[in-house]
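Residue numbers (the numbering used here): 87 to 362. Cβ coordinates follow ideal geometry from the N, Cα and C atoms, glycine included.
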Ligand SMILES: [Fe+2]
Ligand SMILES: [Fe+2]
């Protein structure tokens, strides 16, 4: 059995002690160990929510980062100060500096420290290929084929010589769980695009996911683009349970709920999902 607990999300379960913030973190527990997938944005919120969930940083066997953005990596220093030397899995491109453009200003939104400094604090395990972190718990590896809509932000850029260019989101990865119910896909921000990620999983793992949890980055999708995603999910990926959160955006969540009814669920901080 694997249990996936949402530690941080934009929202928290009503009347719960958890704090919400724009970000994602999941605690993954199987009989073989514990993995923290992303860390939210704020160290104090990560530690608070872990404490409220009765989860101890001492029990973490490895950290996986979905990508560099600070709403997924900002909480990292809280764990590193308590658990130096932990294995940390990510794409090799995660160290690229990333920025958000606001008007003529550029705000740094990458890792909380340079990659070489991070490498002195953790056991860095960078790979562009799928990696089995615990038995039956895999990273997707790099999602290179992206014929469908990507989860892009118009103002998210990386330095390019003297100028800037759109973030290629090469570092984006998700997790795949092999369960008796089928494959479960857990996304951080899904910048590679939900349909691209689903197709990648099917290619590499030989089956389609039956459950999708986490950020799907449909926040900027609207009109025909959003309808296309829904149409493909309906025609090619049924039955599927969805727990879309974070950068899915309210409009896309409502559209998915309208299209798929009781197959769609929210996933605020404090949500616990178990799979045999
Ligand atoms: Fe992101
Ligand atoms: Fe995000």
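**Message:** What does the Cβ neighbour count give for residue 336, buried or exposed, with the cut at 16 atoms within 10 Å?
**Reply:** On the chain shown, residue 336 is found 250 positions in, with the first residue counted as 1. Under this definition residue 336 is an exposed residue.
**Prompt:** Considering only residues of the region 116 to 194, which uninterrupted beta strand (DSSP E) runs meet the minimum length of 3 residues and lie entirely inside it, listed in chain order?
**Reply:** Listed in chain order, they are 119 to 123, 148 to 150, 173 to 176, 185 to 188 and 191 to 194.
**Request:** Could you name the residues that DSSP lists as bridge partners for residue 355?
**Result:** Your numbering for residue 355 matches position 269 in the chain shown. In DSSP, residue 355 forms a bridge with 98.
**Prompt:** With a cut-off of 8 Å, do at least 3 Cβ pairs link the region 267 to 277 to the region 301 to 319?
**Reply:** Yes, the region 267 to 277 is in contact with the region 301 to 319.
**Request:** Could you check which residue in 110, 362, 328 and 196 has the C-alpha nearest to that of residue 349?
**Result:** Within the chain shown, residue 349 is the residue found at index 263, counting from 1. That would be 328, whose Cα lies nearest to the Cα of residue 349.
**Request:** With ligand 1 as the reference, list in chain order each residue whose Cβ lies under 6 Å from any of its heavy atoms.
**Result:** A residue is listed when its beta-carbon falls short of 6 Å from at least one non-hydrogen atom of ligand 1; in chain order these are 153, 155, 275 and 277.
**Item:** Supposed contact pair residue 267 and residue 123 - C-beta distance, whole angstroms, cut 8 Å
**Value:** Your numbering for residue 123 matches position 37 in the chain shown. Your numbering for residue 267 matches position 181 in the chain shown. Not a contact, Cβ separation roughly 19 Å.
**Asked** Since residue 91 and residue 107 are thought to touch, with beta carbons under 8 Å apart, how far apart are those beta carbons, to the nearest angstrom?
**Response** Working through the chain shown from its first residue, we reach residue 91 at position 5. Working through the chain shown from its first residue, we reach residue 107 at position 21. That pair is no contact at about 16 Å.
**Request:** Report the rounded CA-to-CA distance for residue 241 versus residue 299, giving the unit in angstroms.
**Result:** Sequence index remark: in the chain shown, residue 241 carries index 155 (1-based). Sequence index remark: in the chain shown, residue 299 carries index 213 (1-based). Here the alpha carbon of residue 241 sits roughly 25 Å from the alpha carbon of residue 299.
**Item:** Range covered by the beta strand (DSSP E) that runs through residue 312
**Value:** Locating residue 312 in the chain shown gives position 226, where the first residue counts as 1. Per DSSP, residue 312 belongs to no beta strand (DSSP E); it is in the alpha helix (DSSP H), 309 to 322.
**Request:** Mark residue 255 as exposed unless 16 or more other C-beta atoms lie within 10 angstroms of its C-beta, in which case mark it buried.
**Result:** Position 169 of the chain shown, counting from 1, holds the residue named residue 255. The residue in question, residue 255, is buried, as its Cβ has 16 or more Cβ neighbours within 10 Å.
**Request:** Would you mind sorting residue 184 into buried or exposed? The rule is 16 or more other CB atoms within 10 Å of its CB.
**Result:** What you label residue 184 is simply residue 98 of the chain shown in a count that begins at 1. Burial call: buried.
**Request:** Check the C-beta distance from residue 171 over to residue 200 and give it rounded, since I have them as a contact under 8 Å.
**Result:** Translated into the one-based positions of the chain shown, residue 171 becomes position 85. Translated into the one-based positions of the chain shown, residue 200 becomes position 114. At roughly 18 Å, the Cβ-Cβ gap does not stay under 8 Å, so residue 171 and residue 200 are not in contact.
**Message:** ligand 2 and residue 146: does any heavy atom of the ligand fall closer than 7 Å to the residue's C-beta?
**Reply:** To locate residue 146, count along the chain shown from 1; it is residue 60. Relative to ligand 2, even the nearest heavy atom lies 7 Å or more away from the CB of residue 146.
**Message:** Can you look up residue 209 in the DSSP assignment and give me helix, strand or coil?
**Reply:** Locating residue 209 in the chain shown gives position 123, where the first residue counts as 1. Assigned with DSSP and collapsed to three states, residue 209 falls in strand.
**Request:** Specify the secondary structure class of residue 264 as computed by DSSP and reduced to three states.
**Result:** Numbered from 1 along the chain shown, position 178 holds the residue referred to as residue 264. In the structure shown, residue 264 falls within a strand segment according to DSSP collapsed to helix, strand and coil.
**Prompt:** CA-CA distance, residue 222 and residue 341?
**Reply:** By 1-based counting over the chain shown, the position of residue 222 is 136. By 1-based counting over the chain shown, the position of residue 341 is 255. So the alpha carbons of these two residues sit roughly 32 Å apart.
**Item:** Extent of the continuous beta strand (DSSP E) run through residue 251
**Value:** For the purposes of this step, residue 251 is identified with residue 165 of the chain shown, where counting begins at 1. Going by DSSP, residue 251 is part of the beta strand (DSSP E) stretching over 249 to 252.
**Prompt:** Quick one: is residue 231 buried, meaning 16 or more other Cβ sit within 10 Å of its Cβ, or exposed?
**Reply:** Taking the first residue of the chain shown as position 1, residue 231 is located at position 145. Flag for residue 231 reads exposed.
**Prompt:** Exposed or buried, what is residue 260 when buried is set at 16 or more other beta-carbons lying within 10 Å of its beta-carbon?
**Reply:** Within the chain shown, the letter at position 174 stands for residue 260. Within a 10 Å sphere around the beta-carbon of residue 260 sit 16 or more other beta-carbons, which makes this residue buried.
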